[in-house]
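All residue numbers in the sequence shown are consecutive under this note's numbering, ending with 454.
Even glycine gets a Cβ: it sits at the ideal position worked out from N, Cα and C.
What follows is a short report on a single structure.
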Amino acid sequence: MTARCVAIVQARMGSSRLPGKVLADIEGRPLLGRMLDRLGRCDQVDEVAVATTYLSDDDPVAELCRARETRCVRGHPTDVLDRYRQAAEETGADVIVRLTGDCPLIDPQVVDLCLRTYLVADPPVDLVVNRLPWNRSYPIGLDTEVFGRTALETAWREAIEPHQREHVVPFLYENPSRFAMIHLEADGDYGDYRWTVDEPEDLEVIRRIFAAFGGREDFSWREVLSLVRREPGLARINKAVAHKSHRDVG
């Protein structure tokens with residue numbers, strides 16, 4: 205039987221550093237909508253769903269999903285691991301792709317690569333990632349984590365540390381003797397490029413990138429890399445923004 209692969213995007217309005225960022229305007233369209241459109245180009249994903257909270261503040265996220273006919277699962281505000289378990293159950297996912305809703309430059313080819321690697325791994329693995337908190341070669345904002353339903357259920361039952369509940373996957377890579385993992389690396393060291401949105405400076409970078417491509421959404425991360433190399437001033441805009449640790453919560 206073919207495994208059902210579901211990309212689950214966690215998204216909420218209550219960001220501590222940039223509230224409402226997931227619906228921020230980017231060339232006339234909301235950030236989350238941009239991200240969902242790019243994910244719609246994935247070949248290996250059977251469904252894209254959004255996991256938000258049951259708080260009234262996140263009603264606009266649910267409304268965006270309703271308007272797009274995208275499944276929206278609403279759950280616990282801080283126990284994101286529980287939200288993923290709920291979303292996996294509601295979507296019937298066998299394989300889950302975890303993505304965060306502040307990454308509008310997510311690349312469908314990178315997502316497909318991570319999924320294919322997971323699906324064909326021999327022997328099978330529990331987790332495929334393209335970055336670890338202490339080791340990344342892909343730009344920040346292309347982060348993709350793929351794991352099976354069994355691993356998710358195990359983490360949901362056993363993870364007790366706050367960062368493990370909020371960031372979903374740490375329980376798996378913090379227990380390497382129990383969970384087999386493949387860490388995919390890029391063909392160069394691009395880990396200092398910051399293409400996610402946590403601060404106003406990040407949003408400015410993303411807006412300029414989309415504007416440079418005329419509002420299109422079919423460009424690849426390689427094209428973005430070429431752009432920022434041609435225009436180094438782009439990377440300087442958010443160079444001073446500190447990336448959150450995987451142990452940060454709240």
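For residue j and residue i, the rounded distance between their alpha carbons
i      : j      : result
Ala207 : Ser424 : 27 angstroms
Pro436 : Gly392 : 18 angstroms
Met205 : Ile413 : 41 angstroms
Arg275 : Val299 : 17 angstroms
Leu219 : Val277 : Going by the sequence as given, residue 219 is Ser instead of Leu. Cα to Cα, Ser219 sits roughly 18 angstroms from Val277.
Thr348 : Glu293 : 20 angstroms
Gly244 : Ala363 : 31 angstroms
Met217 : Thr256 : 9 angstroms
Val210 : Leu356 : 13 angstroms
Ala390 : Gly296 : 31 angstroms
Pro327 : Ala359 : 21 angstroms
Glu273 : Glu267 : 10 angstroms
Environment of residue i [buried if 16+ CB atoms lie within 10 Å]
i      : result
Ala215 : buried
Gly419 : exposed
Ile212 : buried
Asp422 : exposed
Tyr342 : buried
Glu370 : buried
Pro337 : exposed
Tyr258 : exposed
Val324 : exposed
Gln313 : exposed
Arg289 : buried
Asn334 : buried
Ala271 : exposed
Unbroken alpha helix (DSSP H) run spanning residue i, endpoints
i      : result
Glu408 : 404-416
Glu362 : 353-362
Gly437 : 437-441
Cys318 : 312-324
Met205 : Counting along the chain, Met205 falls outside any alpha helix (DSSP H), and DSSP gives it neither H nor E.
His371 : 366-371
Residue i - containing beta strand (DSSP E), residue span
i      : result
Cys209 : 209-214
Thr400 : Segment: none, Thr400 is in no beta strand (DSSP E) and carries neither H nor E.
Arg302 : 299-304
Presumed contact (8 angstroms Cβ cut-off) between residue i and residue j, rounded CB distance
i      : j      : result
Val464 : Glu405 : Residue 464 cannot be examined here, being either before or after the span of the chain that is shown, 205 to 454.
Ile386 : Val329 : 5 angstroms
Counting pairs of beta carbons, one from the segment 220-236 and one from the segment 311-324, are three or more of them closer than 8 angstroms? They do not touch, by the three-pair rule.
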